[in-house]
Amino acid sequence: MTELRTQNVTRYIVPLREGGSLPALAEADDMFKYVVKFRGAGHGTKALVSELIGGEIARKAGLRVPELVFLNVDEEFGRTEADEEIQDLLKGSRGLNIGLHFLDGAMTLDPYANHVDEIEASKIVWLDSFLTNVDRTFRNTNMLVWHGETWLIDHGAALYFHHTWNGWEKTAITPFPYIKDHALIRRATHLDEADREMRQLITPGAITEIIDAIPTQWLEYDNGEGDAESNRSVYKEFLTRRLENSETFLKQAQDAHRLSLI
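Numbering (the working numbering), first residue to last: 647 to 908.
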């Protein structure tokens, strides 16, 4: 059973303006710091849904992801914030948001300078092909090095089909061309092995368990895209179909890897 802890945000520390969605470093009532993704930001709760699904699927696959926590922002929080943009963001984010445990002292992974094991690199490339994650590139790796190990962060740009919603059935069984831009594509030398292992770990049951953990309020999209439970079913069906057809995106990743060596 996938269960995330729920904490209350008690202190807004600083915005992390390198992110387009204006995440922030904040402290919660458990006295830990978190990188918070706010529901009031640009892509709304869809980015939070992607963060939860992507992060927890990566964890199921044995990859390192900071703990994900539901973070509640109450009505009083942020009223003393001087920055009007941030105050508006916090007002629009009342209720449940999501946070990643802050890895103090972690450094951004540089694919040229930091070693990543080729099997681990292959698993990460497979994962991002599966999740259709467009945002793990050389320009923005969304990976950290902490205590000598690779940690994955920021899956908010995954599952991009849900920004248009139409045609998700086709997207579920098509290759992922953007994998050619992946920061680890050159090191992904064991993609066949990664496919076998990931398919054993990321089962339809695991997918269902993770998607059932999404708060219903996050799935109540406001542009006529169906009710929360029908949307929940689409995510399950999309990922299950994609898993069943992994050979399609696997071949695309293998081709991209070969081209990266030329």
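Built from N, CA and C at the ideal position, the CB exists for glycine as well.
With the cut-off set at 9 Å, would you say residue i and residue j are in Cβ contact?
i: valine 695; j: isoleucine 860; result: yes
i: asparagine 895; j: tryptophan 814; result: The sequence shown places phenylalanine at residue 895, not asparagine. Cβ distance not < 9 Å, so phenylalanine 895 and tryptophan 814 don't count as in contact.
i: arginine 887; j: isoleucine 819; result: yes
i: isoleucine 908; j: lysine 882; result: no
i: isoleucine 765; j: alanine 704; result: no
i: isoleucine 831; j: alanine 902; result: yes
i: phenylalanine 723; j: valine 681; result: no
i: leucine 773; j: methionine 844; result: yes
i: arginine 878; j: leucine 889; result: no
i: lysine 683; j: glycine 741; result: no
i: isoleucine 732; j: alanine 829; result: no
i: threonine 652; j: leucine 717; result: yes
i: valine 762; j: asparagine 743; result: no
i: tryptophan 811; j: glutamate 713; result: no
i: glycine 851; j: lysine 769; result: no
i: threonine 648; j: glutamate 875; result: no
i: proline 821; j: lysine 897; result: yes
Tell me which residue opens and which closes the alpha helix (DSSP H) that residue i is part of.
i: asparagine 743; result: Segment 741-747 is the beta strand (DSSP E) holding asparagine 743; no alpha helix (DSSP H) there.
i: leucine 714; result: Unbroken run through leucine 714 is the beta strand (DSSP E), 714-719; no alpha helix (DSSP H).
i: proline 850; result: 850-858
i: phenylalanine 895; result: 892-906
Taking the alpha carbon of residue i as the point to measure from, which residue in the options has its own alpha carbon closest?
i: aspartate 827; options: Gly851, Ile848, Ile732 and Ala899; result: Ala899
i: leucine 668; options: Thr652, Arg685, Ile699 and Leu889; result: Arg685
i: aspartate 675; options: Val711, Pro661 and Val655; result: Val655
i: glycine 690; options: Glu713, Val681, Arg657 and Gly738; result: Gly738
i: arginine 904; options: Tyr867, Met844 and Leu837; result: Leu837
i: asparagine 786; options: Asp800, Ser775 and Thr778; result: Asp800
i: methionine 753; options: Arg651, Glu795 and Glu866; result: Glu795
i: histidine 793; options: Gly751, Ala804, Glu673 and Pro823; result: Gly751
i: tyrosine 867; options: Ala693, Pro757 and Arg710; result: Ala693
i: proline 757; options: Gly802, Met789 and Phe822; result: Met789
i: proline 661; options: Leu650, Ala707 and Glu730; result: Glu730
i: tyrosine 806; options: Thr849, Thr652 and Glu697; result: Glu697
i: leucine 781; options: Ala803, Asn812, Ala687 and Glu673; result: For the record, residue 781 in the displayed sequence is aspartate; it is not leucine. Of the candidates Ala803, Asn812, Ala687 and Glu673, the one whose C-alpha sits nearest the C-alpha of aspartate 781 is Ala803.
i: arginine 710; options: Glu673, Leu798 and Asp763; result: Leu798
i: isoleucine 848; options: Phe822, Leu777 and Glu875; result: Leu777
i: alanine 834; options: Ser906, Glu702, Asp858 and Met647; result: Ser906
i: glycine 700; options: Lys769, Asn779, Ala687 and Leu650; result: Asn779
i: aspartate 734; options: Ala687, Ala707, Ile659 and Lys769; result: Ala687
i: glutamate 893; options: Met677, Arg842, His808 and Ile659; result: Arg842
i: glutamine 846; options: Ile659, Lys706 and Lys679; result: Lys706
i: lysine 816; options: Asn891, Glu721, Tyr658 and Arg657; result: Asn891
i: aspartate 858; options: Ala767, Ser775, Val771 and Glu702; result: Glu702
Name the DSSP bridge partner or partners of residue i?
i: leucine 736; result: None; leucine 736 has no bridge partner.
i: tyrosine 658; result: Ala672
i: threonine 652; result: Phe716
i: methionine 647; result: Partner(s): none; methionine 647 has no beta bridge.
i: threonine 754; result: Leu790
With residue i as the anchor, note down where its beta strand (DSSP E) starts and where it stops.
i: alanine 707; result: Segment: none, alanine 707 is in no beta strand (DSSP E) and carries neither H nor E.
Can you list, in chain order, the stretches of the alpha helix (DSSP H) that have 4 or more residues and sit fully within the region 772-844? 814-818
Where are the beta strand (DSSP E) runs, 3 residues long or more, that stay fully inside the region 668-708, in chain order? 670-674 and 679-683
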